[in-house]
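If you're matching positions, the sequence shown starts at 55 in the working numbering and goes up one per residue.
Backbone N, C-alpha and C define an ideal beta-carbon position, used for all residues, glycine too.
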Amino acid sequence: MVITGPSGSGKSSLAFDTIYAEGQRRYVESLSTYARQFLQLMEKPDVDSIDGLSPAISIDQKTASRNPRSTVGTVTEIYDYLRLLFAKVGHPHCPKCGKLINRQSVSQIVDIVAGMPQGKRIMILSPMIRDRKGSHEKIFEKVKKEGFVRLRVDGHLYNITEPITLDPNKKHTIEVVVDRLVVKNLQKKSLTLKSGQSIEEKNEDRSRLADSLETALKFGGGIVKILDADTDTEEVFSEHFACDHCGISIPEIQPRSFSFNSPHGACPDCHGLGAKLKINPDLVMPNPRLTIAEGAIIPWATSAIRLAGTPSS
């Protein structure tokens, strides 16, 4: 619907004071009494009847800021609701094959870890805090009560008995070291009976891995990290979302995943600005044979030549 007319004819009054007011009033009236106490009920406009009216959203005309991250969604404050909507009803897909990502069970994670090269040293980490500000003293106390010995804070390993002081104004990541293992004899073993029936033979190392993964998933909110102690690389596994075909795991979708103001949702190259600043060496120094005084570096050329021509006093 488009409302047109000369200035002062009542376009804004019809749009905001009548159509929007009635649509919003009907929507608020459909809510429960408990919800209505937090919302302001608008007055009924002076009209006889309006048919086919749905809940409306009002966007006032105002001067927008020149922030490069500002969009129609951020200016109208709809952006926060959209991020919450996408996080709750969105279906993640694998970035490689495009298939719908499903949850990953403990047995599947055990099979992936068991398929790693033999002799590889790994560390099972349970993320307790992920990029949150605070000193997190209660987390350290909880880890100590649960009987864990080691933890990793911002990529550094500590013993639980060591004093750890964190800056409450900075974001920190705290991961509990649940277990340290060497990938060896973790494959399934079967035993064939005389009757020809095949049964799975108990593997203590595999059982230990499964128990450690269950513990890590429990304290990590369904997320576990496998750190390669030899290469210092880590792989994230989640019992929430994982691609069975490609073996790719992603963390649970959160509203901050759709925020370009957060490092979890912003582009790693442009940091959410939509543009990347780079230096072109050919434009800065087109002729490398020249000296700085001769104007080899163009941004300094004018000042260098001027200084070179200034007589000494």
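The alpha helix (DSSP H) enclosing residue i, as first and last residue numbers
{"i": "L95", "result": "Per DSSP, L95 belongs to no alpha helix (DSSP H) and is neither H nor E."}
{"i": "E83", "result": "75 to 83"}
Inter-residue CB distance, residue i and residue j (contact presumed, cutoff 8 Å)
{"i": "A283", "j": "M182", "result": "That pair is no contact at about 20 Å."}
{"i": "V237", "j": "V167", "result": "7 Å"}
{"i": "R293", "j": "R123", "result": "A small fix is needed here, since residue 293 is Glu in this sequence, not Arg. At roughly 34 Å, the Cβ-Cβ gap does not stay under 8 Å, so E293 and R123 are not in contact."}
{"i": "E200", "j": "K279", "result": "No, E200 and K279 are not in contact; Cβ-Cβ is about 18 Å, not under 8 Å."}
Coarse secondary structure for residue i, derived from DSSP in three states
{"i": "T128", "result": "helix"}
{"i": "L179", "result": "strand"}
{"i": "V203", "result": "coil"}
{"i": "I32", "result": "Only positions 55 to 367 of the chain appear in the structure, and residue 32 is not among them; the question remains open."}
{"i": "V278", "result": "strand"}
{"i": "L271", "result": "helix"}
{"i": "L211", "result": "strand"}
{"i": "L263", "result": "helix"}
{"i": "L344", "result": "coil"}
{"i": "L139", "result": "helix"}
{"i": "V197", "result": "helix"}
{"i": "L68", "result": "helix"}
{"i": "T87", "result": "helix"}
{"i": "V101", "result": "coil"}
{"i": "T364", "result": "Interpretation of T364 is limited by its pLDDT of 48, a score under 50 that renders its predicted location unreliable; no figure is taken from the coordinates."}
Within 8 Å, strictly: CB atoms of residue i and residue j
{"i": "L214", "j": "K196", "result": "With the sequence shown as reference, residue 214 is identified as Ile, and Leu is not the correct amino acid for it. No."}
{"i": "S303", "j": "V290", "result": "yes"}
{"i": "H385", "j": "K153", "result": "This structure cannot speak to residue 385, because the chain is shown only from 55 to 367."}
{"i": "L10", "j": "A270", "result": "This structure cannot speak to residue 10, because the chain is shown only from 55 to 367."}
{"i": "F295", "j": "I73", "result": "no"}
{"i": "P309", "j": "R80", "result": "no"}
{"i": "V164", "j": "R234", "result": "no"}
{"i": "G188", "j": "P222", "result": "yes"}
{"i": "L263", "j": "L281", "result": "no"}
{"i": "P99", "j": "E83", "result": "no"}
Identity of the residues DSSP links to residue i by a beta bridge
{"i": "D233", "result": "I178"}
{"i": "H226", "result": "R186"}
{"i": "S303", "result": "A296"}
{"i": "T285", "result": "T285 is not bridged to any residue."}
{"i": "F291", "result": "V278"}
{"i": "L154", "result": "H147"}
Residue i CB to nearest heavy atom of the ligand GTP below 7 Å
{"i": "S311", "result": "Summarising the ligand content, the structure contains no ligands, and the ligand GTP is consequently not present."}
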